[in-house]
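Just add 1 to wherever you are in the sequence shown, counting from 1, and you've got the numbering used here. Let me begin by presenting the structure, written as C-alpha cells, before commenting on it.
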Amino acid sequence: MAGGWARDGAVQDQIDDTVSDAVSAARARMPRGESAKYCDECGEDIPERRREALPGVRTCVQCQSGRDAATRQSGINRRGSKDSQLR
2 MAGGWARDGA VQDQIDDTVS DAVSAARARM PRGESAKYCD ECGEDIPERR REALPGVRTC
62 VQCQSGRDAA TRQSGINRRG SKDSQLR
C-alpha cells in the first residue's frame, strides 16, 4: 500500500526494479569467453567439466572458494538490527 502521491503498487514496483537491477549487475560480472586450462592463482588444472559449466572461468574450485569466503566476510550487518547499527 503506497501513501501520499504514489500510486498503488509503487512500492512493489520499486522492489521489483531493485531485484532486476541486482540480477542484471550479477550477470554482467559473470566471466565470459574461453576458460583457462590452468588456475590463474595456483597453476593447477581446471577440470574440463568446470570449464564447460562456467564459460570464462579463470580459477580452480579451491581458489574460487577462498575468494568467495573472503567476500562473505565483508563486515556488513545484513540483519538490520537497530541496536547493532547504533554502535
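Backbone N, C-alpha and C fix where the C-beta goes; we use that ideal spot for every residue, glycine too.
Could you tell me if residue i is buried or exposed, where buried requires 16 or more neighbouring beta carbons within 10 angstroms of its beta carbon?
i	result
Cys43	exposed
Would you kindly work out how many angstroms separate the C-alpha atoms of residue i and residue j, rounded to a whole number?
i	j	result
Tyr39	Gln15	43 Å
Arg59	Ala11	41 Å
Ala54	Gln63	16 Å
Asp41	Ala26	24 Å
Arg30	Cys61	18 Å
Ala37	Asp9	50 Å
Val20	Ser66	25 Å
Ile47	Arg28	22 Å
Gly57	Trp6	47 Å
Glu35	Arg50	14 Å
Quick one: what's residue i bridged to in DSSP?
i	result
Asp163	Residue 163 is absent from the structure shown; the chain starts at 2 and stops at 88.
Asp9	According to DSSP, Asp9 bridges with nothing at all.
Asp46	Tyr39
If you follow the alpha helix (DSSP H) that residue i is in, where does it begin and where does it stop?
i	result
Ala54	49-54
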